[in-house]
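Taking it in order: structure first as structure tokens, then the write-up.
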Amino acid sequence: MTRKGSSISPELLELFVMIAQHGSIASAARVLNMSPSLATRKIAKLESALSTRLFERTTRNMKITEAGSIALEWARRSQEAQSKMLDEIAVLQKKPSGLIRLVATQYAASEFLPFFLARFCAEYPLIRLSITTTDTLVNLIEDDYDLAVHAGRIPDCSLIAKPLQPFERVLCATPAYLKRRGYPLSPEALEKHDCLVHFSDEPRSWNFLFGKELVGQSIEPFVEANSYAVLLNMARESMGIARLGKPLVKDDIAAGRLVELMPEYRCVYSNEGRPCLWLLYPNRHVLNRTRLLIDFLQRHVEPVQP
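Using UniProt numbering, you'd call the opening residue of the sequence shown number 1 and step up by one each time.
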């Protein structure tokens, strides 16, 4: 109970956490499918119940106050406790239910996962999904995600990482670009070319295996982006050479819109690791519904052989 005797509902806490995450009432309201005016009234009700200001409001955004930070930590713990309670009750009833917050790369979310998620949801119809797309690795705990499907090198961290499906990356460019700038025949030749680079994917060095030899090549990006879809479209417009996942470009290569370059040089990471889709989740108690999805994907996704 609050100081004024009224209860703080889970829905109110969810709104508060969303505003803190998104930095604005309008953005949080959009995610929760409510009007900004209703969201404003609700957060004012929460501040009144707690007898404190949770946010400092400016014309552009909302900055959380010191009291708001304390309340936010409590709200997140409360949400997690409630989620665990519902999860454990659902296990007892053998009816897994609740929301899984999933963050995935744009390719995985749009092309790879739908087939498997449709079958997972058919098997567990009471489980709901919230999917966010980004090609950049996010902080799962701070951003309140249960599971990530990430493509790229995994930094040393507290996350549990399970390989889901390896894939190949290739260098590619349009015939028009290659006619204008010439064909690179070795990694060293990339110094004279316009390279289209992802911010978080070893952007200053492209690495290759030539036989058993690791070959590293320094790169000066012509275009940097945080989206492989953007880099693909830049490559399609003859802006340069991109290093992209083969599943993303195989149709363009087959149709002749893009040309695969230096196939004898295999794209790898600086530690010689092969690109892979990873399942990532925090090193803490995993809700039963999230564990069901992890196990389902590992059981049904067939690894692509090298």
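Glycine residues also receive a C-beta, built at the ideal position from the N, C-alpha and C atoms.
These figures come from a predicted structure and were not determined experimentally.
(message) Run through the DSSP bridge pairs and tell me what Lys162 is partnered with.
(response) Leu279
(request) Identify, in the order they occur along the chain, each residue of the same chain with its Cβ nearer than 7 Å to the Cβ of Ser83, setting aside the five sequence neighbours on each side. (result) Take Ser83, set aside five residues on each side of it, and the residues of its chain with a beta-carbon closer than 7 Å to its own are Gly98 and Leu287, in chain order.
(request) Please classify Met85: is it buried, with 16 or more other beta-carbons within 10 angstroms of its beta-carbon, or exposed? (result) exposed
(request) Let me know if Leu185 comes out buried or exposed under the rule of 16 or more other beta-carbons within 10 Å of its beta-carbon. (result) exposed
(message) Quick check on the burial criterion: 16 or more other C-beta atoms within 10 angstroms. Buried or exposed for Met1?
(response) Low confidence applies to Met1: its pLDDT is 39, below 50, so where it sits in the model is not reliable, and the reading given next is rough at best. That one is exposed.
(message) Assuming His150 and Leu129 are in contact, meaning their beta carbons sit under 8 Å apart, how far apart are those beta carbons, in whole angstroms?
(response) About 17 Å separates the two Cβ atoms, so there is no contact after all.
(message) Within 10 Å of its beta-carbon, does Pro114 have 16 or more other beta-carbons around it, so buried, or fewer, so exposed?
(response) The residue is exposed, with fewer than 16 neighbouring Cβ atoms inside 10 Å.
(message) Judging by CA-CA distance, which residue of Arg181, Pro247, Val230 and Glu47 is the nearest neighbour of Lys192?
(response) Arg181
(message) For the alpha helix (DSSP H) containing Arg204, name the first residue and the last one.
(response) Where Arg204 is concerned, there is no enclosing alpha helix (DSSP H), given that its DSSP letter is neither H nor E.
(request) Quick one: which unbroken alpha helix (DSSP H) runs of 4-plus residues sit fully inside the stretch 104-181? Chain order, please. (result) 113-123 and 175-181
(request) Indicate the three-state DSSP secondary structure (helix, strand or coil) for Ser238 in the structure shown. (result) coil
(message) By alpha-carbon positions, which one of Met18, Ile8, Leu297 and Ser200 ends up nearest to Gly152?
(response) Residue Ser200 is the option with its Cα nearest to Gly152.
(message) Rounded to the nearest angstrom, what separates Asp172 and Gln21 at their Cα positions?
(response) Note on residue identity: the sequence assigns Cys, not Asp, to residue 172. Roughly 37 Å separates the two Cα atoms.
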